[in-house]
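Student: I'd like to ask some things about the structure below.
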Amino acid sequence: MHSLACASVVLLLGVMSFACRAETPAGCFNADVEAHVLEQFRIHGPLSRKREYFGFVYRIDGAIGSATTRGIVCRWTEPCEVNARRAAEKIPAGAKVVGEWHTHPHESGSVLLSASDVRGANDNRHIPCYRAFFSTSNGEILSWNPNAEAVPLAMATAQRLGNYRQARDGWANYAGGARRAVSQTPSQ
Ligand SMILES: [Zn+2]
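The sequence shown maps to residues 23 to 210 in the working numbering.
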């Protein structure tokens with residue numbers, strides 16, 4: 023999915039993580055990162071109807087943020103892609119990158135990782151605390167181990183964090199639009 027930008031992203035992130043490594047060898051703030059990522063999926067999941075959204079997660083000044091971008095409208099006949107370089111360019115100077123997340127579109131999206139998804143995260147596995155998350159076309163939110171080098175191995179490490187369709191303000195709003203449209207149909 024983001025293989026085109028791999029070389030430059032790896033170079034960029036490699037330099038950043040090297041610059042930050044000496045600073046805080048402390049915890050990886052996994053719970054905080056997961057809470058942030060779930061919020062990102064709650065926001066971007068419902069928007070991901072025909073395109074992917076991607077974010078690099080970073081820590082800066084004790085806060086966690088995401089540098090995000092979105093891909094082109096996906097077509098059934100072509101691989102669905104988003105250029106992660108656009109997200110990398112938005113990472114604030116001095117931030118420590120701790121992971122990535124991306125969505126698969128509801129339409130034409132997959133429930134499985136792609137080879138380039140796995141390769142992209144694997145290329146950043148040297149970054150301390152680096153974690154990878156994606157949401158399936160059904161809204162399932164999964165993490166996988168960036169050390170995995172192939173799709174079956176990566177999917178075997180997948181752990182479910184939730185489903186954004188069940189989030190109170192997430193998919194409910196998206197589905198609510200459809201319900202409203204139906205209820206506006208004049209009755210006979
Ligand atoms: Zn993907």
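All C-beta atoms, glycine included, are put in the ideal place defined by N, C-alpha and C.
Since the model is a prediction, treat every value here as computed from it, not as a measurement.
#1: Does DSSP put Y75 in a helix, a strand or coil?
#2: Do I149 and S157 have their C-beta atoms closer together than 8 angstroms?
#3: When burial is assigned at 16 or more other CB atoms within 10 Å of the CB, is R97 buried or exposed?
#4: Would T91 pass as a contact of V79 if the rule is Cβ separation under 8 angstroms?
#5: State the start and end residues of the unbroken beta strand (DSSP E) segment that holds G87.
#6: What did DSSP end up calling Y80 once you bin it into helix, strand or coil?
#7: Could you say which of Q62, V95 and I65 lies nearest to R73 if we only look at CA atoms?
#8: Are the beta-carbon atoms belonging to H66 and I86 less than 8 angstroms from one another?
#9: What distance in whole Å lies between the Cβ atoms of Q181 and S165, which are believed to be in contact at a cut-off of 8 angstroms?
#10: Where does G161 sit, in a helix, a strand or coil, going by DSSP?
#11: Please report the straight-line C-alpha distance between F155 and K118, rounded to a whole angstrom.
#12: Assuming A106 contacts F76 (C-beta within less than 8 angstroms), just tell me the rounded distance between them.
#13: Is DSSP giving R154 helix, strand or coil here?
#14: To which residues of the same chain is L134 closer than 7 angstroms at the C-beta, ignoring the five residues directly before and after it?
#15: Contact check, C168 vs A137 under 8 angstroms by CB: the rounded distance?
#16: Identify which residue in C50, R108 and E61 has its Cα closest to the Cα of L183.
#17: Helix, strand or coil for H124 per DSSP?
#18: Taking the alpha-carbon positions, what's the I82 to N146 distance?
Tutor: So, to answer that:
#1: strand
#2: no
#3: exposed
#4: no
#5: A85 to R92
#6: strand
#7: V95
#8: no
#9: 5 angstroms
#10: coil
#11: 17 angstroms
#12: 6 angstroms
#13: The residue you asked about is not Arg; residue 154 is Ala in the sequence shown. Strand at A154.
#14: V173 and M177
#15: Per the sequence shown, the amino acid found at residue 168 is Pro instead of Cys. So it is not a contact: roughly 14 angstroms between Cβ atoms.
#16: E61
#17: strand
#18: 19 angstroms
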